[in-house]
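Only one structure is covered here, and it is reproduced in the block below.
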Amino acid sequence: AVQPLADVSLAWLDLTEGATVTLPIAASRSIFFYVVRGSVRVNGTEAFARELVEFDYDGDELAVQGLTDSVLLLGHAEPFGEPVVSGGPFVMNTEAEIQQAYADYQQGKFGTWNG
1 AVQPLADVSL AWLDLTEGAT VTLPIAASRS IFFYVVRGSV RVNGTEAFAR
51 ELVEFDYDGD ELAVQGLTDS VLLLGHAEPF GEPVVSGGPF VMNTEAEIQQ
101 AYADYQQGKF GTWNG
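For the sequence shown, position 104 matches number 104 in the UniProt record's numbering, and the numbering has no gaps at all.
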């Protein structure tokens with residue numbers, strides 16, 4: 001079996017207008033949701049189509065209500081306590097690692113595409 005490197009959970013929620021789902025999520029976790037379509041209210045915070053929302057909360061349940069017929073991607077994970085730096089398609093811990101990733105890519109170390 002493959003051991004995951006991080007404790008990450010992702011869920012695709014398809015809600016009808018007025019529907020509410022309550023999810024048990026520990027307050028220690030980092031939470032985000034992306035509204036693909038429609039509008040929702042999550043623990044009192046409203047969000048609309050094509051919005052990404054990150055938030056902290058101090059409860060142990062997340063209540064998601066469809067304000068309209070809605071689809072959203074919900075994710076949560078234990079914070080890993082390391083710096084995160086992004087650059088183009090790369091995500092690393094430091095700016096130096098981003099520069100090294102670009103150099104490795106340009107030198108073909110990521111493989112080649114024989115399209």
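Backbone N, C-alpha and C fix where the C-beta goes; we use that ideal spot for every residue, glycine too.
Quiz item: Can you tell me where the beta strand (DSSP E) with E54 in it begins and where it stops?
Solution: Against the sequence shown, residue 54 aligns to sequence position 54. Annotation for E54: the continuous beta strand (DSSP E) segment containing it runs L52 to F55.
Self-check item: Boundaries (first-last residue) of the beta strand (DSSP E) holding D14
Solution: Working through the sequence shown from its first residue, we reach residue 14 at position 14. It spans V8 to L15 - the beta strand (DSSP E) in which D14 sits, taken as one unbroken run.
Practice problem: Find the nearest neighbour of E17 within the set D69, N43, A11 and A26, judged by alpha-carbon distance. | Solution: Looking up residue 17 in the sequence shown gives position 17. Per the Cα distances, D69.
Exercise. Count the CB pairs spanning the segment 88 to 106 and the segment 27 to 43 that are closer than 8 Å, and state whether there are at least three.
Key: Cβ pair count under 8 Å is below three, so no.
Self-check item: Bridge partners - Q3, DSSP secondary structure assignment
Solution: Within the sequence shown, the letter at position 3 stands for residue 3. In DSSP, Q3 forms no bridge with anything.
Exercise. Report, in whole angstroms, the separation of the C-beta atoms of A27 and G59, which I expect to be a contact under 8 Å.
Key: For the purposes of this step, residue 27 is identified with residue 27 of the sequence shown, where counting begins at 1. For the purposes of this step, residue 59 is identified with residue 59 of the sequence shown, where counting begins at 1. About 6 Å; that satisfies the 8 Å criterion.
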